[in-house]
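Peer 1: Got a structure for you, questions after.
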Amino acid sequence: MGHAGIGRDMSRAALEQKLARSFSYEYAVMAGRARSALVALIEILRKGENIPVLLPENICPVLVTAIRAGGGTAVTVPVSPLSGLPDDQAFVEAMNNQPTAGIVMPTHLYGFLGDYSQTVKFARAKGWFILENDTNAVRYDGDAPFGDGLLMSFGYAKPLEVGRGGAIMTNEANLAKEIQSRLSTYGPLYEATIRQENDLMLKRRGMRQNLDVADPELMRICDRETTLSRFRFDERDCDLIRAKLNHFPTERQDRLARKEIWDRALEPLDNILRPVPLPQPVPWRLIRRAVTGRAPFTDILWQNDIDAGINYRSLWREMPAEYLNGTAPASDLCLKHQNTQPKTHFSILTHRTNL
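Okay, structure coming up:
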């Protein structure tokens, strides 16, 4: 287990081993950002050619810039209006439409675990790399993962919340060594760089209300985000990550208990505030679909100092078209029940709230 023989500190190697075992993998490699590990993986797998990277259309936009940085092509996969996640068959169809194999990224958004059995079957037969995007840690001490690798973030509001850093896990020793070697060539994540990241995020948010994806300023932001994609791990973060990992089982049980409280309280409203029909083994947020529109409900929650969030919009409303491949949706399926209906999905944090 582990691969400490390539110049890494033993305490870091022990932490990576513990991290890998916690998620049923053999090896883990930590990076300055989770997206940095993704960049390294793409650079290794692409063999000098651009490869498609399939991901949900409502994922965090910064992953798209990381894919571009690594030499991949981001291909969006439509999501279900009921769950906000791609259906199994949607991934299969998207893979079947690509000229070459690449990376397919099932994402356990907000801790939901979908059925991707057909995706796995097709990917295995056609030579795709299956990368589970598990920033919500649903694979912790659970069923064996179905992927060839697992991507995890230690960013803010994540289960293993440190504020920076991430990891990629795999069962292939040679791949782990290649990723570690590649990451070692990346630069450090300086505080000044973090401030740049935050400034870009604020600029992006400031443009969101009336965003034109053809705006040259958006292109400049995305191009700058692309350059801020390669960071090696800072070993000073080991103690924080270790503490979060050790405390995670307790916090997970607390989240499950809080979700049960919320579910009981909202049960009389299930017809108008519908639960997502998927298992949620790590409920970092409680997601509900407001059939008639979410605004009245989120307003009430905000007025009572309860952290109510909303899902990401379609990437086609967040990113320049030059950054994306796939089919632009007729509407934000992750936010609308039908094309003519208002935004519906909202989320409630399962901690730090006034119950």
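Just so we're aligned, residue 4 is where the sequence shown starts under my numbering, counting upward by one. Think of the CB as a built atom: it goes at the ideal place given N, C-alpha and C, for glycine as much as any other residue.
Between which two residues does the alpha helix (DSSP H) holding G181 run?
Peer 2: It should be pointed out that residue 181 corresponds to Glu in this sequence rather than to Gly. Segment 176–186, the alpha helix (DSSP H) holding E181.
Peer 1: Along the chain, where does the alpha helix (DSSP H) containing L192 start, and where does it finish?
Peer 2: Per DSSP, L192 belongs to no alpha helix (DSSP H) and is neither H nor E.
Peer 1: Return the CA-CA distance between L276 and L134, expressed in angstroms with no decimal places.
Peer 2: If I take the Cα positions, the gap works out to 32 Å.
Peer 1: Would you grab the beta carbon distance between T138 and L58 for me? Rounded to a whole angstrom, and I think it's under 8 Å.
Peer 2: Contact flag wrong, Cβ pair sits at about 13 Å.
Peer 1: Short check: CB of R222 to CB of P64, under 8 Å?
Peer 2: Sequence inspection shows Met at residue 222; the Arg mentioned does not correspond to that position. Against a cut-off of 8 Å, the Cβ pair of P64 and M222 comes out as no contact.
Peer 1: Are P286 and L304 close, meaning C-beta to C-beta below 8 Å?
Peer 2: Taking 8 Å as the Cβ cut-off, P286 and L304 do not qualify as a contacting pair.
Peer 1: Between the beta-carbon of R36 and the beta-carbon of G168, is there less than 8 Å?
Peer 2: Yes. Within cutoff.
Peer 1: Once DSSP output is grouped into helix, strand and coil, what is the label at R198?
Peer 2: Helix.
Peer 1: Using the Cβ count rule (16 or more neighbours within 10 Å means buried), how would you classify Y326?
Peer 2: Buried, since its Cβ has 16 or more Cβ neighbours within 10 Å.
Peer 1: Under the three-state reduction of DSSP, which class applies to R320: helix, strand or coil?
Peer 2: Looking at R320 - three-state DSSP - the assignment turns out to be helix.
Peer 1: Among residues of its own chain, excluding the 5 on either side of N53, which ones have a beta-carbon nearer than 7 Å to its beta-carbon?
Peer 2: G74, G75, T76, listed in sequence order.
Peer 1: Within 10 angstroms of the Cβ of V294, are there 16 or more other Cβ atoms? Answer buried if so, exposed if not.
Peer 2: Under this definition V294 is an exposed residue.
Peer 1: Helix, strand or coil for Y326, going by three-state DSSP, please let me know.
Peer 2: Three-state result, Y326: helix.
Peer 1: Here's a check: name, in chain order, each residue in its chain whose Cβ is nearer than 8 Å to the Cβ of Q101, leaving out the five neighbours to either side.
Peer 2: The residues are P55, L57, V78.
Peer 1: Going by CA-CA distance only, name the one from S120, R261, A104, A160 that's closest to G150.
Peer 2: It is S120 whose Cα lies nearest to the Cα of G150.
Peer 1: Which of the three DSSP states is assigned to N136 in this structure?
Peer 2: Here N136 sits in strand by DSSP.
Peer 1: Mind the definition here: the stretch 158–178 touches the stretch 208–227 only if three or more C-beta pairs lie below 8 Å; say whether that holds.
Peer 2: Too few Cβ pairs lie closer than 8 Å, so no.
Peer 1: Between which two residues does the beta strand (DSSP E) holding P59 run?
Peer 2: P59 -> beta strand (DSSP E) spans 54–59.
Peer 1: In terms of alpha-carbon separation, which member of I224, E29, A97, I70 lies closest to G152?
Peer 2: Checked all of I224, E29, A97, I70; the closest Cα to G152 is E29.
Peer 1: Is it buried or exposed, K124, if we count other Cβ atoms within 10 angstroms and call 16 or more buried?
Peer 2: So K124 counts as exposed.
Peer 1: For the beta strand (DSSP E) that R71 lies in, which residues bound it at each end?
Peer 2: That residue, R71, is in no beta strand (DSSP E); its alpha helix (DSSP H) goes 65–73.
Peer 1: Could you pull the DSSP bridge partners for I303 from this structure?
Peer 2: BP columns for I303 are empty, so no partner.
Peer 1: Which term fits T188, buried or exposed, when burial requires 16 or more other beta carbons within 10 angstroms of its beta carbon?
Peer 2: Exposed: under 16 other Cβ atoms inside 10 Å.
Peer 1: Please check the pair P282 and L116, which I expect to be a contact at CB under 8 Å, by giving their CB distance rounded to whole angstroms.
Peer 2: Going by Cβ atoms, the distance from P282 to L116 rounds to 5 Å, so yes, they are a contact pair.
Peer 1: What residue range is occupied by the uninterrupted alpha helix (DSSP H) comprising P219?
Peer 2: That run of the alpha helix (DSSP H) goes 219–230.
Peer 1: For A93 and G114, I'd like the C-alpha separation in whole angstroms.
Peer 2: Looking at the two C-alpha atoms, the distance is approximately 20 Å.
Peer 1: Are the Cβ atoms of M172 and N136 separated by less than 8 Å?
Peer 2: Cβ atoms of M172 and N136: not closer than 8 Å.
Peer 1: To the nearest angstrom, how far is the alpha carbon of L272 from that of R291?
Peer 2: Near 10 Å, if we compare the C-alpha coordinates of R291 and L272.
Peer 1: Classify Y113 as helix, strand or coil using the three-state DSSP reduction.
Peer 2: Note: Y113 maps to helix in three-state DSSP.
Peer 1: Reducing DSSP to helix, strand and coil, say where M33 ends up.
Peer 2: Note: M33 maps to strand in three-state DSSP.
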